[in-house]
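Written out below as structure tokens is the structure these notes cover.
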Amino acid sequence: MNPEADTLTTADGRTALVMRRRLAHPPAAVWAAITEPKQLAQWFPSEVSVELRPGGTMGFHFPGEEGPGMTGRVTDADAPHVFAFAWGEDHLRWEITPDGDGSLLTLTHTFGDRFGGASFASGWHLCLTALGQLLDGERIDVEADRGELHEAYLEQFDLGRGEIEGTTVRFERQLLRPADAVWSELAGGASVSEGATVPPGFTAPSYEEGYVTEVREPEVLAYRAPLGELVRWKLGEGTGHGARLVLTVEGSGDPRRARDAWHERIEHLAARMLELASS
Numbered sequence: 002m003n004p005e006a007d008t009l010t011t012a013d014g015r016t017a018l019v020m021r022r023r024l025a026h027p028p029a030a031v032w033a034a035i036t037e038p039k040q041l042a043q044w045f046p047s048e049v050s051v052e053l054r055p056g057g058t059m060g061f062h063f064p065g066e067e068g069p070g071m072t073g074r075v076t077d078a079d080a081p082h083v084f085a086f087a088w089g090e091d092h093l094r095w096e097i098t099p100d101g102d103g104s105l106l107t108l109t110h111t112f113g114d115r116f117g118g119a120s121f122a123s124g125w126h127l128c129l130t131a132l133g134q135l136l137d138g139e140r141i142d143v144e145a146d147r148g149e150l151h152e153a154y155l156e157q158f159d160l161g162r163g164e165i166e167g168t169t170v171r172f173e174r175q176l177l178r179p180a181d182a183v184w185s186e187l188a189g190g191a192s193v194s195e196g197a198t199v200p201p202g203f204t205a206p207s208y209e210e211g212y213v214t215e216v217r218e219p220e221v222l223a224y225r226a227p228l229g230e231l232v233r234w235k236l237g238e239g240t241g242h243g244a245r246l247v248l249t250v251e252g253s254g255d256p257r258r259a260r261d262a263w264h265e266r267i268e269h270l271a272a273r274m275l276e277l278a279s280s
């Protein structure tokens, strides 16, 4: 399996993750593994029930969660070639083509949250690894550091670089730890109040000074930097088990310099969150 061949593209507000894996088994065997609930339960991220026909209902129930779970709808069911379904706002399409004495399986996952792409890719990579083990008759044992895999995909898909619009620099970055853990790291474990000097963890080179203008622990901190820029950190719900960081710097006289400084700061934070997640 070659994660480096996986791609992420965005158009018209929708993002498509494409992953291809060669499996040493004929299409009929792969089809059974991706459509039969008993086999799906061994590698898919949830238990699945399915009416295997276009328009059929699907049910998804995650281990440990109470209630009826999520539902979806089958959009394609052409055995043993194409199985596709809508799952919430996402669409997953599985295509199987003969490849010598085996098959080529192509997963296309289409979704709206571009910055969740690394989380989806790392999760599906582990699922596809488990699928291969199931088909090979091996014990399913996916040994991988999902955090490191996530960060590798994030770099591969170039999801960490900030965006510039006029005098505003904006970063959106999926992290590997929940908001309270990220906040504690940034604040140095101390309480933060409005009007106080901004804690060093929330600063970057040339943005070391300022006074807190807004704070809601562990979600929001904003301050005015020395040259008048408004720096705002926001930690919200993300993909996987970590928080989604949105950081904006408004009113920058040199947006490229600001982007470089804050990119370095955020990547340092992300590396620290990976360290904590792996410990």
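In this text, residue positions in the sequence shown follow this note's numbering: the first is 2, and each later residue adds one.
By construction, the Cβ of each residue, glycine as well, lies at the ideal position given by its N, Cα and C atoms.
Quantities reported herein were computed from a predicted structural model and do not represent experimental measurements.
1. Near GLU268, which residues of its chain fall below 8 Å by C-beta distance, leaving aside the five closest residues on each side in sequence?
2. Could you say which of ASP255, VAL221, LYS39 and LEU24 lies nearest to GLY229 if we only look at CA atoms?
3. Count the other C-beta atoms from every protein chain shown that fall within 10 angstroms of the C-beta of GLY189, then say buried if there are 16 or more, exposed otherwise.
4. For ASP142, does the count of other Cβ atoms within 10 angstroms reach 16, so buried, or fall short, so exposed?
5. In angstroms with no decimal places, state the Cα-to-Cα distance between GLY73 and LEU106.
6. Apart from the five residues on each side of it in sequence, which residues of its chain come closer than 6 Å, Cβ to Cβ, to ARG283?
7. Can you name the residues that DSSP bridges to GLN175?
8. Report the rounded CA-to-CA distance for HIS151 versus TRP125, giving the unit in angstroms.
9. Could you check if LEU53 is buried or exposed, using at least 16 other CB atoms within 10 Å of its CB as the buried criterion?
10. Does VAL183 come out as helix, strand or coil in the three-state DSSP assignment?
11. Quick one: which unbroken alpha helix (DSSP H) runs of 4-plus residues sit fully inside the stretch 38–117? Chain order, please.
12. Just how far apart, CA to CA, sit GLY241 and ASP102?
13. Kindly list the residues whose CB is nearer than 7 Å to the CB of ALA263, restricted to its own chain and excluding five residues on each side of it in sequence; keep chain order.
14. Give me the Cα-Cα distance between GLY117 and THR8, rounded to the nearest whole angstrom.
15. Following the continuous beta strand (DSSP E) through GLY237, name the residue where it begins and the one where it ends.
16. Please tell me whether ILE35 and TRP88 are closer than 7 Å, where the distance is taken between their beta carbons.
17. Among all the DSSP beta bridges, which residues are the ones paired with ALA17?
18. Is the beta carbon of THR109 sitting closer than 7 Å to the one on ALA30?
19. With GLU139 as the anchor, note down where its alpha helix (DSSP H) starts and where it stops.
20. From what residue to what residue does the alpha helix (DSSP H) around ARG266 run?
21. Quick check on DSSP: helix, strand or coil for LEU150?
22. Report, in whole angstroms, the separation of the C-beta atoms of THR98 and ARG15, which I expect to be a contact under 8 Å.
23. How long is the line joining the alpha carbons of ARG266 and ALA12, rounded to whole angstroms?
24. Helix, strand or coil: how does DSSP classify VAL216 here?
Reading off the structure:
1. Position 267 of the sequence shown, counting from 1, holds the residue named residue 268. These residues qualify, in order along the chain: GLY161.
2. For the purposes of this step, residue 229 is taken as the residue at position 228 of the sequence shown. The shortest Cα separation from GLY229 among ASP255, VAL221, LYS39 and LEU24 belongs to ASP255.
3. Your numbering for residue 189 matches position 188 in the sequence shown. Exposed, since its Cβ has fewer than 16 Cβ neighbours within 10 Å.
4. Here residue 142 corresponds to residue number 141 of the sequence shown, with the count starting at 1. ASP142 comes out exposed.
5. The residue you call residue 73 lines up with position 72 of the sequence shown. The residue you call residue 106 lines up with position 105 of the sequence shown. Roughly 21 Å separates the two Cα atoms.
6. Outside the modelled stretch of the chain, which goes from 2 to 280, sits residue 283, for which no answer is possible.
7. Taking the sequence shown and counting its residues from 1, one reaches residue 175 at position 174. ARG245.
8. Within the sequence shown, numbered from 1, the residue matching residue 151 stands at position 150. Within the sequence shown, numbered from 1, the residue matching residue 125 stands at position 124. Cα-Cα distance, rounded: 11 Å.
9. As a first step, residue 53 is located in the sequence shown; it is residue number 52 there, counting from the start. Answer is exposed; the Cβ neighbour count stays below 16.
10. Numbered from its first residue, the sequence shown carries residue 183 at position 182. In this structure, VAL183 counts as helix in the three-state DSSP scheme.
11. 38–41
12. Reading the sequence shown from its first residue, position 240 is the one you call residue 241. Reading the sequence shown from its first residue, position 101 is the one you call residue 102. For GLY241 and ASP102, the distance between alpha carbons rounds to 36 Å.
13. Taking the first residue of the sequence shown as position 1, residue 263 is located at position 262. Per the sequence shown, residue 263 should be read as Trp rather than Ala. Answer for TRP263: GLY163, VAL170, PHE172, ALA205, LEU248 and VAL250, listed in chain order.
14. Taking the first residue of the sequence shown as 1, we reach residue 117 at position 116. Taking the first residue of the sequence shown as 1, we reach residue 8 at position 7. Taking the straight line joining both Cα atoms gives about 14 Å.
15. Counted from its first residue, the sequence shown places residue 237 at position 236. Counting along the chain, the beta strand (DSSP E) containing GLY237 begins and ends at 231–238.
16. In the sequence shown, the residue the question calls residue 35 occupies position 34. In the sequence shown, the residue the question calls residue 88 occupies position 87. No, these two residues do not count as a Cβ contact at 7 Å.
17. By 1-based counting over the sequence shown, the position of residue 17 is 16. Partner(s): THR10 and THR111.
18. Within the sequence shown, numbered from 1, the residue matching residue 109 stands at position 108. Within the sequence shown, numbered from 1, the residue matching residue 30 stands at position 29. No. Outside cutoff.
19. Position 138 of the sequence shown holds residue 139. Premise fails: GLU139 is in no alpha helix (DSSP H) and is neither H nor E.
20. Here the question's residue 266 lines up with position 265 in the sequence shown. Looking at the DSSP string, the run of the alpha helix (DSSP H) that includes ARG266 is 256–279.
21. As a first step, residue 150 is located in the sequence shown; it is residue number 149 there, counting from the start. DSSP places LEU150 in helix when its eight states are reduced to three.
22. To locate residue 98, count along the sequence shown from 1; it is residue 97. To locate residue 15, count along the sequence shown from 1; it is residue 14. With a Cβ gap of about 24 Å, THR98 and ARG15 do not count as contacting.
23. Here residue 266 is taken as the residue at index 265 of the sequence shown, counted from 1. Here residue 12 is taken as the residue at index 11 of the sequence shown, counted from 1. Spanning the two alpha carbons is a distance of roughly 29 Å.
24. Start at 1 with the first residue of the sequence shown, and residue 216 comes out as number 215. DSSP places VAL216 in strand when its eight states are reduced to three.
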